[in-house]
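>
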Amino acid sequence: MFEILSLKNGIANVAGFYCDGVNCGLRPDESQGDLAFIRSEKLCQITATYTTNRFSAAPIKHALKYGKSFEGNFVLMNAKNANAMTGQKGIEDIDEILSHIPKDLDVVNPIMSSTGVIGYRLPKEKIISGIEKLDFSAKESNRAAHAIMTTDQFKKELCFKVILEDGQSFHIAAIAKGAGM
Numbered sequence: 050m051f052e053i054l055s056l057k058n059g060i061a062n063v064a065g066f067y068c069d070g071v072n073c074g075l076r077p078d079e080s081q082g083d084l085a086f087i088r089s090e091k092l093c094q095i096t097a098t099y100t101t102n103r104f105s106a107a108p109i110k111h112a113l114k115y116g117k118s119f120e121g122n123f124v125l126m127n128a129k130n131a132n133a134m135t136g137q138k139g140i141e142d143i144d145e146i147l148s149h150i151p152k153d154l155d156v157v158n159p160i161m162s163s164t165g166v167i168g169y170r171l172p173k174e175k176i177i178s179g180i181e182k183l184d185f186s187a188k189e190s191n192r193a194a195h196a197i198m199t200t201d202q203f204k205k206e207l208c209f210k211v212i213l214e215d216g217q218s219f220h221i222a223a224i225a226k227g228a229g230m
């Protein structure tokens with residue numbers, strides 16, 4: 050048998066994982082976040098099912114350069130701009146933005162996830178200045194979850210602690226978004 054506990058504060062409960070969210074100026078209200086990250090001290094296996102749409106957005110095309118399954122330890126997320134229908138320039142913008150992640154974090158295969166308005170390039174300068182505001186040692190799942198909201202009605206974060214019969218345990222945690230939900 051095993052026991053499952055529901056915990057507050059999402060990803061912040063998981064040892065070795067860090068997250069934060071800030072306002073970098075994509076939203077006019079400075080009290081609302083629009084830039085967030087999730088970072089792991091150790092490499093994680095990242096596997097995803099991607100759209101087959103011929104017009105997939107730059108963040109999808111950028112992530113696919115690592116393959117459909119790869120190891121990585123960093124995700125940067127922004128709201129208010131989807132970086133979709135931006136072509137090769139959108140991918141180049143991601144590369145430039147991610148090059149500003151502090152080198153001492155030992156980031157491997159970083160990816161970017163964007164949500165918001167389609168058809169506009171990312172405001173790189175705002176996002177790059179926002180990176181400087183992020184606390185990369187923070188465990189602020191709540192701020193990260195709020196920062197990726199667009200038309201969401203509430204933030205989506207969870208964490209479960211699973212305790213096995215022998216006393217060992219592990220966590221399952223996530224933040225997510227869903228338009229209009």
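Numbering (my numbering), first residue to last: 50 to 230.
Note that the Cβ used here is the ideal one computed from N, Cα and C, for glycine as well.
With respect to the alpha helix (DSSP H) encompassing I140, which residues constitute its N-terminal and C-terminal limits?
Taken as a continuous stretch (DSSP letters only), the alpha helix (DSSP H) holding I140 covers 136-147.
> Assign G59 to one of three DSSP states: helix, strand, or coil.
Looking at G59 - three-state DSSP - the assignment turns out to be helix.
> From which residue to which residue does the beta strand (DSSP E) around R88 run?
Per DSSP, R88 belongs to the beta strand (DSSP E) from 84-96.
> Select from V63, S105, S162 the residue whose C-alpha is nearest the C-alpha of A225.
Taking only the C-alpha atoms, the option nearest A225 is S162.
> Whole angstroms is fine: what's the gap from G179's alpha carbon to N102's?
Each residue's Cα considered, the two are about 31 Å apart.
> For the beta strand (DSSP E) containing N191, name the first residue and the last one.
Segment 190-196 is the alpha helix (DSSP H) holding N191; no beta strand (DSSP E) there.
> Using the three-state DSSP reduction, which class does G70 fall into: helix, strand or coil?
DSSP places G70 in strand when its eight states are reduced to three.
> Since N132 contacts A107 with CB under 8 Å, what's their CB separation in whole angstroms?
The Cβ separation is near 5 Å, so the contact holds.
> What do you reckon, are the CB atoms on K188 and C93 nearer than 8 Å?
No; because the gap between Cβ atoms is not below 8 Å, this pair is not in contact.
> Determine whether the Cβ of L147 lies closer than 8 Å to any Cβ atom of chain D.
The displayed structure is made up of one protein chain only, and chain D is not part of it.
> Are N122 and D83 close, meaning C-beta to C-beta below 8 Å?
Contact flag unset, no.
> Mind listing, in chain order, the continuous alpha helix (DSSP H) runs of no fewer than 4 residues lying wholly within the segment 106-135?
Those alpha helix (DSSP H) runs which fall completely within the segment 106-135 and span 4+ residues are 107-113.
> When the Cα of A85 is compared with those of I177, H220, A222, which residue comes out closest?
Nearest option by C-alpha distance: I177.
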